[in-house]
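K.L.:
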Amino acid sequence: MVIRLSRPPSQPGAVESSRTYTDYSQKDGTYRHVEVITGSMAVAMMARGGGGKTSNFRGLLCCLLMAAWLGLTESSGIKARKRELYIAGLFPFTGTHGSVGRGVKPAVDLALRHVNNDRSILPEYELKITFNDSKCDMAVATKAFFDLTYDNATTDAILFGDACYSVTGPMAEISREWGMFQLSYGDTDPLLSDRDKYPNFFRTVPSDSDYNPARLALLRHFNWSSVGTLFQDASQGGAARYGYAHNRFDSLMEKHTINVSKVESFADDPSTAIQNLRNRLATKLKLKERNEDHDIRIIVGNFAENMARKTRRR
Numbered sequence: 001m002v003i004r005l006s007r008p009p010s011q012p013g014a015v016e017s018s019r020t021y022t023d024y025s026q027k028d029g030t031y032r033h034v035e036v037i038t039g040s041m042a043v044a045m046m047a048r049g050g051g052g053k054t055s056n057f058r059g060l061l062c063c064l065l066m067a068a069w070l071g072l073t074e075s076s077g078i079k080a081r082k083r084e085l086y087i088a089g090l091f092p093f094t095g096t097h098g099s100v101g102r103g104v105k106p107a108v109d110l111a112l113r114h115v116n117n118d119r120s121i122l123p124e125y126e127l128k129i130t131f132n133d134s135k136c137d138m139a140v141a142t143k144a145f146f147d148l149t150y151d152n153a154t155t156d157a158i159l160f161g162d163a164c165y166s167v168t169g170p171m172a173e174i175s176r177e178w179g180m181f182q183l184s185y186g187d188t189d190p191l192l193s194d195r196d197k198y199p200n201f202f203r204t205v206p207s208d209s210d211y212n213p214a215r216l217a218l219l220r221h222f223n224w225s226s227v228g229t230l231f232q233d234a235s236q237g238g239a240a241r242y243g244y245a246h247n248r249f250d251s252l253m254e255k256h257t258i259n260v261s262k263v264e265s266f267a268d269d270p271s272t273a274i275q276n277l278r279n280r281l282a283t284k285l286k287l288k289e290r291n292e293d294h295d296i297r298i299i300v301g302n303f304a305e306n307m308a309r310k311t312r313r314r
């Protein structure tokens, strides 16, 4: 005698996962295999030995109950509770860089929805993020980080942020001591590329120094063999990033025999630096010196966005 329990697929085109039939032996009063088919799910229960008709009935009843439970969970969409992993987010929502944080937030929300709805990515976990306004202030960001760390209701998996160098660097050192990975979405400070000092730090944007090969390729494409450089120095607290990137660029130019004939820097106002570059060119033209190794017609700049606007007005 063969017993087969089945029901139609719950959706058109669904495939039943059936491989084996139940084999019930009337001779010795035992069943050897019972298979329950539930649309796209299949559960098998094995029972061996001669426990009599009562044990046979209990085994079959157990299979029926299991089939009913699987059918219920499949049709109602009941899922096991996922473990929640929290991301400590640092964003400059207010202040001079507030537009950066407010602009990034919708993208972060969308990314989390995509990850949480994709069963092939972290199927046993659900990512959540806590949004904290760092205000581009190291003290504010540090307090927010420790508040999240000591909150027993959350388990922070990663530190996400910041866009301001005054926050990202110190937080990268703190996260290293806590053994927590940090991912920045907007900080391009080349100093953060030091893997010995910041082993847990990663970012989704290139550093300022990573643009140097592209600058070199542009100069070589147009056969510009002599340039001047203009960069923002470290006088404006924490802006050493531009000087560091400039020094790397200078070394790269020397390696490829491109002459950097004039270097100028500034802190808050680029007017004087730009005028010095102009005077250098005017003097050359007045004296009719056509030495290509020292002529300045191409200026490579490295500075903050707000300083770039000031430079254009000069």
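Each residue of the sequence shown is one higher than the one before, counting from 1 in the UniProt record's numbering. Beta carbons: idealized from backbone N, C-alpha and C, even for Gly.
(1) Provide the residue span of the alpha helix (DSSP H) that contains E177, from first to last.
(2) Give the single residue among S166, T311, F181, F222 whose Cα lies nearest to the Cα of A240.
(3) Closest to T94 by CA distance: which of N302, N223, F131 is it?
(4) Terminal residues of the continuous alpha helix (DSSP H) containing T142?
(5) Return the chain-ordered list of same chain residues with a C-beta closer than 7 Å to the C-beta of N116, the five sequence neighbours on each side being excluded.
(6) Can you give me the Cβ contacts of D189 inside the same chain, cut-off strictly under 6 Å, excluding the 5 residues immediately before and after it?
(7) Rounding to the nearest angstrom, what Cα-Cα distance links G49 and R83 in this structure?
(8) Where do the N-terminal and C-terminal ends of the alpha helix (DSSP H) with E254 fall, by residue?
(9) Would you please state the rounded distance, in angstroms, between the beta carbons of Y86 and A157? I believe it to be under 8 Å.
(10) First and last residue of the alpha helix (DSSP H) that includes L112?
(11) When you compare the CB positions of S184 and N200, do they come within less than 8 Å of one another, or not?
(12) Per DSSP, which one or two residues make a beta bridge with G228?
(13) Going by DSSP, what residue range makes up the beta strand (DSSP E) through N132?
(14) Distance, Cα to Cα, R119 vs A234?
(15) Looking at the ligand NAP, does it come within less than 7 Å of K105, judged from the CB to the closest heavy atom?
(16) Let me make sure I understand the geometry here. Which of S251, H97, G98 has the alpha-carbon closest to that of L216?
(17) List the endpoints of the continuous alpha helix (DSSP H) containing A217.
(18) Measure the Cβ-Cβ separation of P270 and D162 and say whether it is below 8 Å.
(19) Here's a check: name, in chain order, each residue in its chain whose Cβ is nearer than 6 Å to the Cβ of P8, leaving out the five neighbours to either side.
(20) Just the Cα atoms here: how many angstroms apart are D133 and V104?
(21) Which residues in the same chain as T124 place their Cβ atom closer than 7 Å to its Cβ, once the five residues preceding and following it in sequence are excluded?
(22) Find out if the Cβ-Cβ distance for the pair L230, I274 is shorter than 8 Å.
(23) Identify which residue in R312, A304, T142, L122 has its Cα closest to the Cα of H97.
(24) Assuming A144 and L191 are in contact, meaning their beta carbons sit under 8 Å apart, how far apart are those beta carbons, in whole angstroms?
(25) Grouping DSSP H, G and I as helix and E and B as strand, with all else coil, what is L122?
P.N.:
From the atom records:
(1) Residues 165 to 177.
(2) Comparing alpha carbon positions, the residue from S166, T311, F181, F222 closest to A240 is S166.
(3) If we check each option's Cα against that of T94, F131 comes out closest.
(4) 138 to 149 is the extent of the alpha helix (DSSP H) around T142.
(5) Cβ within range, chain order: E126, L127.
(6) Same-chain partners within the cutoff: Y165, R241.
(7) Bear in mind that the predicted position of G49 carries a pLDDT of just 43, short of 50, making it too unreliable to give a figure here.
(8) 240 to 255 is the extent of the alpha helix (DSSP H) around E254.
(9) About 7 Å separates the two Cβ atoms, so the contact holds.
(10) From DSSP, the alpha helix (DSSP H) with L112 extends over 98 to 117.
(11) No.
(12) The secondary-structure analysis by DSSP pairs G228 across a beta bridge with K262, I299.
(13) Looking at the DSSP string, the run of the beta strand (DSSP E) that includes N132 is 125 to 133.
(14) Each residue's Cα considered, the two are about 48 Å apart.
(15) This structure simply doesn't include the ligand NAP, nor any ligand for that matter.
(16) Considering only alpha carbons, the answer is S251.
(17) That run of the alpha helix (DSSP H) goes 212 to 221.
(18) The beta carbons of P270 and D162 sit no closer together than 8 Å.
(19) Residue confidence for P8 is low, a pLDDT of 43 falling below 50, so the modelled location carries little weight and cannot support an answer.
(20) Distance from the CA of D133 to the CA of V104, rounded to the nearest whole angstrom, comes to 12 Å.
(21) The amino acid at residue 124 is misidentified as Thr; the sequence shows Glu. Apart from the 5 residues on each side of it in sequence, E124 sits with its Cβ closer than 7 Å to the Cβ of K82, R83 in its chain, given in chain order.
(22) Cβ distance < 8 Å, so L230 and I274 count as in contact.
(23) Of the residues R312, A304, T142, L122, the one whose Cα lies closest to the Cα of H97 is A304.
(24) Actually they are not in contact, since the Cβ atoms of A144 and L191 sit about 23 Å apart, beyond 8 Å.
(25) Coil.
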